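Each remark here refers to the structure printed beneath this line.
Protein chains: 2
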Amino acid sequence: MSGALKDAAIRVERPAKTLRELALDKVREAIVNGYFRPGDRLVERDLCAQLGVSRTVVREVLRHLESEGLVANLPNKGPIVAQLDIDEAKQIYEIRGALEGMAARLCAERGNPEIVAALEESLTAIRDSYRDQDMAGVLANTSSFYQTLFTMVDRHVAWGVVNLLTVRINHLRSMTIKTERRGIEGPAQMSKIVDAIRRGDGEGAYRAAMDHVAAASAIAEAVLSAKKTSE
Amino acid sequence: MSGALKDAAIRVERPAKTLRELALDKVREAIVNGYFRPGDRLVERDLCAQLGVSRTVVREVLRHLESEGLVANLPNKGPIVAQLDIDEAKQIYEIRGALEGMAARLCAERGNPEIVAALEESLTAIRDSYRDQDMAGVLANTSSFYQTLFTMVDRHVAWGVVNLLTVRINHLRSMTIKTERRGIEGPAQMSKIVDAIRRGDGEGAYRAAMDHVAAASAIAEAVLSAKKTSE
DNA sequence: AATCGTATTATGGCCTACCAAATACTGTAG
DNA sequence: CTACAGTATTTGGTAGGCCATAATACGATT
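Quick note, the sequences are listed as chains L and Y, same order.
Our numbering applies: residue 11 is where the first sequence begins, and numbers increase by one.
Our numbering applies: residue 11 is where the second sequence begins, and numbers increase by one.
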């Protein structure tokens, strides 16, 4: 068995996940899907009990989430779930527009049919999820649509940035996709992106991606200001 | 000096910084300016001794730097200073180009003469620093040039992203600015950005900002590949 | 001598326990 | 009813310990 380095194929996949990573995922998920609401205090010792881990781990997790922007730390008061104000949300959508536009342009310029195929697959999955009212599926497949957009042209860093920003507006996203007509318009806009990429139209792909994000941003703004007045 | 802010002016400026933040800054600085080199192991207990803090704090700091991308964590081996490969650096420059271009366009469209004034001030400071061979000053003033670009149009989130990415390529930056002719070309390119903003030419400002970053990226690539072959 | 197996060491992951300082709460005295 | 003192809560930070793993050194066996 002393062969070459190629044995990587049979390398046993050990879990390798540390307790801290598991806890991180749990807490992030809890924030993202609303188990912890914006403004909620995150008391260390309570989290210890709920997660079944020590304070050491909890503190590291909170630090991590803080640097992700999901948790804010009030001095002498402790961590709370970050509140996102409308202006910040708009900025995040704007950044996503710039980066997704960039990625779309690159995809178009590359002219690789595999890209189009992969994007269309995601798009179909999104339409199916909408049809089944499977909103979690819509989010997941939308995410993989954009992941394709970035990773097919090897823009992993940009994809990381987009991901980082996206978790901060996740509950907004879940509200916008439920909006009336979004199930029609959203996929239609994304389809325009794919069309532009297919015909190698970089500028068109860029604009289509920007348009899609801009539309989401507008809906988010409406939702947010509606929620604010109702409080 | 009068009026409502009087009290605030007197208020004792308590550091308020937690030990952990101080330690974070120290370690980040140590990495950024090369005290710790890429690939170096960061042994927790050693850092405790060097920083004079407990392991808890060190661990939180390492976690934070990890999520900033400055530190990588090898499983079963521990944290090391992240190595940055040439492709990643190019991606970072590309993202900066997209975001700084966006900000420049917004500045141009806003048409506020204060923006131009502030940018010119930074630009003068950059030229002075180059003249005095004060490379740290060049970096600092370049940073404040871009900070102005983003914050004058209230794009704090994008500025945060750019900052986050910039620390990862900081030692590259300090190499590029030392390059021959960069002391002339750099400010000249930035001057073009300011000119476009002054005449309200959004598209021109966008392109000028992109050009500047692209030039920096090209130099960085040359520097990096030169360094690689020499090893 | 080459190889194989076994201590030893270094280190990270994780835990418990503790203390100090700031904040929030509460009950009592005036 | 208010002011104030005391108490509980909670974070920031420290100390130290235990266990698992990986690497290294070392010694024994063939």
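Using N, Cα and C, we set each Cβ at its ideal position, and we do this for glycine too.
This one's a predicted model, so the numbers in the text were calculated from it and none came from an experiment.
Per DSSP, the bridge partner or partners of residue i
i, result
"VAL245(Y)", "Only positions 11 to 241 of chain Y appear in the structure, and residue 245(Y) is not among them; the question remains open."
"ALA82(L)", "ILE90(L)"
6 Å CB neighbourhood of residue i in its chain, flanking five on each side removed
i, result
"THR186(Y)", "ALA226, ILE229 and ALA230"
"GLY214(Y)", "ALA206"
"ALA218(Y)", "LYS202, ILE203 and ALA206"
"LEU234(L)", "ILE96"
"SER154(Y)", "SER132"
"GLY212(Y)", "ARG115, ALA118 and GLU119"
"ILE179(Y)", "ALA99 and ILE102"
"ARG208(Y)", "VAL126"
"PHE46(Y)", "ALA40 and VAL91"
"ARG165(L)", "ALA113"
"LYS27(L)", "none"
Own chain partners of residue i with C-beta closer than 8 Å, once the 5 adjacent residues on each side are dropped
i, result
"ARG192(L)", "THR186 and ILE229"
"LEU65(L)", "A small correction: the amino acid at residue 65(L) is Arg; Leu does not occupy that position in the sequence shown. The answer, listed in chain order, is GLU54, ARG55 and CYS58."
"GLY49(Y)", "ILE90, VAL91 and GLN93"
"VAL81(L)", "ILE41, LEU52, LEU72, LEU75, PRO89, ILE90, VAL91 and ALA92"
"LYS237(L)", "none"
"THR158(Y)", "ILE125, ALA128, LEU129 and SER132"
"ALA33(L)", "LEU61, VAL63, VAL67, VAL68 and VAL71"
"PRO197(L)", "LEU133, ILE136, ARG137 and TYR140"
"ARG38(Y)", "LEU75, GLU78, LEU80 and VAL177"
"LYS36(Y)", "LEU61"
"VAL167(Y)", "none"
Amino acids of chain Y, ordered along the chain, whose beta-carbon sits closer than 9 Å to that of residue i
i, result
"VAL171(L)", "ILE105, VAL171, LEU174 and LEU175"
Interface residues of chain Y facing residue i [CB-CB closer than 7 Å]
i, result
"ARG73(L)", "GLU70, ARG73 and HIS74"
"GLU39(L)", "Those do not exist, as GLU39(L) stays about 17 Å from chain Y at its closest Cβ, beyond 7 Å."
"ALA26(L)", "PRO85"
Neighbour list for residue i in chain L, Cβ cutoff strictly below 8 Å
i, result
"THR66(Y)", "THR66 and ARG69"
"GLU78(Y)", "SER77"
Contacting residues, own chain, Cβ-Cβ under 7 Å from residue i (five flanking each side not counted)
i, result
"ASP17(L)", "Note that ASP17(L) scores 44 on pLDDT, short of 50, meaning its location in the model is unreliable and no value can be drawn from it."
"GLY13(Y)", "At GLY13(Y) the pLDDT is 43, less than 50, meaning the model places this residue with poor confidence; the figure from the coordinates comes in the next sentence. Same-chain partners within the cutoff: there are none."
"VAL163(Y)", "ALA113, LEU116, CYS117 and ARG120"
"LEU152(Y)", "Sequence inspection shows Thr at residue 152(Y); the Leu mentioned does not correspond to that position. ILE136."
"ARG69(Y)", "GLU54"
"ARG30(L)", "VAL67, GLU70 and VAL71"
"ASP138(L)", "none"
"GLU78(Y)", "LEU174 and VAL177"
"ILE156(L)", "Looking at the sequence shown, residue 156(L) is not Ile but Tyr. Around TYR156(L): GLU110 and VAL172."
"VAL123(Y)", "For the sequence presented, residue 123(Y) should be read as Pro rather than Val. Closer than 7 Å at Cβ, skipping near neighbours: no residue."
"ILE105(L)", "LEU175"
"ALA224(Y)", "GLY107"
"THR161(Y)", "TRP169"
"HIS222(L)", "GLN199, MET200 and ILE203"
Distance cut-off 7 Å: residue i Cβ against heavy atoms of the ligand GTP
i, result
"ALA33(Y)", "The ligand content of the structure shown is nil, which means the ligand GTP is not present either."
Please list, in chain order, the residues of the region 88-121 of chain L that have any C-beta partner in chain Y closer than 7 Å.
For the region 88-121 of chain L, the residues whose beta carbon sits under 7 Å from a beta carbon of chain Y are, in order, GLU98, GLN101, ILE102, ILE105, ALA108, LEU109 and MET112.
Counting only Cβ-Cβ distances shorter than 9 Å, please list the residues of the region 144-171 of chain L near chain Y, keeping chain order.
Hits within the stretch, in order: ASP164, ARG165, HIS166, VAL167, ALA168, GLY170 and VAL171.
Alpha helix (DSSP H) runs wholly inside the region 35-87 of chain L, at least 4 long, in chain order:
The region 35-87 of chain L is shown to contain whole alpha helix (DSSP H) runs of 4 or more residues at 54-61 and 65-78, in chain order.
What ranges does the beta strand (DSSP E) occupy inside the region 93-146 of chain L, keeping only unbroken runs of at least 3 residues that lie completely in it?
Here no run is fully enclosed.
Complete alpha helix (DSSP H) runs within the region 191-235 of chain Y (minimum length 4 residues, chain order):
Fully enclosed alpha helix (DSSP H) runs of 4 or longer: 192-208.
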